Structures are given as structure tokens and as C-alpha cells.
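Colleague: Take any residue in the sequence shown, note its place counting from 1, add 215, and you have its number in my numbering.
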Amino acid sequence: MPSAAPPAHRPPSTFRTLKSSHPRVPARTPWCARRRTGPAAGWPASCRPYMLHIEKALFLKSIGVFSAIPAHALLELTAALQKLELPAGETLFRRGDLGTSMYLIASGRVRIHDAERELVTLDSHMVFGELAALDTEPRAASATTVTDCVLFRLEQETLYELMSERVELARGIIGYLCASVRGKR
Numbered sequence: 216m217p218s219a220a221p222p223a224h225r226p227p228s229t230f231r232t233l234k235s236s237h238p239r240v241p242a243r244t245p246w247c248a249r250r251r252t253g254p255a256a257g258w259p260a261s262c263r264p265y266m267l268h269i270e271k272a273l274f275l276k277s278i279g280v281f282s283a284i285p286a287h288a289l290l291e292l293t294a295a296l297q298k299l300e301l302p303a304g305e306t307l308f309r310r311g312d313l314g315t316s317m318y319l320i321a322s323g324r325v326r327i328h329d330a331e332r333e334l335v336t337l338d339s340h341m342v343f344g345e346l347a348a349l350d351t352e353p354r355a356a357s358a359t360t361v362t363d364c365v366l367f368r369l370e371q372e373t374l375y376e377l378m379s380e381r382v383e384l385a386r387g388i389i390g391y392l393c394a395s396v397r398g399k400r
């Protein structure tokens, strides 16, 4: 017999993990997780900053490069993300530009191209520029928004600092890149 779904009053296990592993999350916030109707909607002002970090951590967990990283390490990474809201047609970088950051697509579509030749179009919950965040080399292609986009940018210097403090973050990213090289992602 399949197990019954958890009661509605229990927060998701990832939320419990984040709450228990991060000292800034108040002990009495689990009810916020079940009142969710949108990002920080309907939550008391004292709860909003913590929930936004938790939502970002859950977003990161849904992206391949961060999926194997423990929740507490992702929660620290959320503070380093720079949110970008861009209109359609905005160029993020051009082929040959020096790469020092990676991008995560929260919503919208981004076209990766070489001049006018399209290489790939990426959708929400996808990442690009991850190699540039690890080694400072010229970009191999250009990136332009196809639709209005919400992106998160993570700078190389910040990523290096976090990886030196959190070995599990470094292991997760290295594991993802190894799987990519082997063709398993």
C-alpha cells in the first residue's frame, strides 16, 4: 500500500533541512511554507527575507549543476546571487568577451549564438556560462535574451570564495562537470 501524503501542516523536507541548518531562519517559520501563494506573498514582513533565500535555494536545487549540493550550502550561495530583470533582445555577453560569471535562468528564454547562427535556446531552470565561472577565458559564444527574463548571475570570485569555504559545493560542481564531460547530463 502506498504511503499517505504528508499532512498539509508539515513543511516540505527540504524546507526543514534548510531551516535546521541555517541559524538566520527563525524557529517558528514552517507555517510560511504552507501559506505560499507566490514568492513571499502573504507572509509577514519578518518572514519574507528568509523565505526568499529558501525559495532561491530550492530553485538552485532544481538546476543540474547544483542538484547534488546539500541544502545548507545552497542557502549560503543564495546571498551571492545577483538578480537581473532583462527585456527581450538584451545581449548579456558577446563571443570573445572575458568570462567571469555564470547565469541561471529563473524565467524566460536565452539564445546562445555565434554571430547569427543559433547554437541553442535555453529555458527556465537552465544554466549557462558555468565554465566562465570556473576559469577566466574568452566566451565561446554570445548570449541574448529571447523573451523578458529573470536571471541570477554568480560571479567567479564569489563562487571561488564559497567553494573554498564549502567543500560540498566544490564537490557538487566538479561532479556535475565530470558528468558533463562523460556525456551523462
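Here a beta-carbon is modelled for each residue, glycine too, at the ideal position from N, C-alpha and C. Owing to the predicted nature of the structure, the values given are computational and were not obtained by experimental measurement.
Skipping 5 residues on each side, what residues in its chain have a beta carbon closer than 8 angstroms to that of Ala295?
Modeller: These residues qualify, in order along the chain: Leu369, Glu370, Thr373, Leu374, Leu377.
Colleague: Quick check: what's the CA-CA separation for Tyr391 versus Ala348?
Modeller: Cα-Cα distance, rounded: 14 angstroms.
Colleague: Quick check on the DSSP output: the beta strand (DSSP E) that includes His328 runs from which residue to which?
Modeller: Run containing His328: 325–329, per the beta strand (DSSP E) assignment.
Colleague: Is Val361 helix, strand or coil when you go by DSSP?
Modeller: Coil.
Colleague: Could you give the DSSP three-state label for Ala394: helix, strand or coil?
Modeller: Helix at Ala394.
Colleague: Is it true that the CB of Thr359 sits closer than 7 angstroms to the CB of Gly323?
Modeller: Cβ atoms of Gly323 and Thr359: not closer than 7 angstroms.
Colleague: State the DSSP-derived secondary structure class of Cys262, mapped to helix, strand or coil.
Modeller: Annotation note: pLDDT 49 at Cys262 (below 50); position unreliable, no value reported.
Colleague: Can you tell me whether Gly344 is buried or exposed, with buried defined as 16 or more other CB within 10 angstroms of its CB?
Modeller: Its Cβ being crowded by 16 or more others within 10 Å, Gly344 is buried.
Colleague: Please report the straight-line C-alpha distance between Leu384 and Leu319, rounded to a whole angstrom.
Modeller: Those two C-alpha atoms are separated by around 16 angstroms.
Colleague: Cβ of Asp363 versus every heavy atom of the ligand NAP: is any distance shorter than 6 angstroms?
Modeller: By its list of ligands, the structure shown contains no ligand whatsoever, and the ligand NAP lies outside what it can speak to.
Colleague: Can you give me the start and stop residues for the alpha helix (DSSP H) that Ala286 sits inside?
Modeller: Note, Ala286: alpha helix (DSSP H), 286–293.
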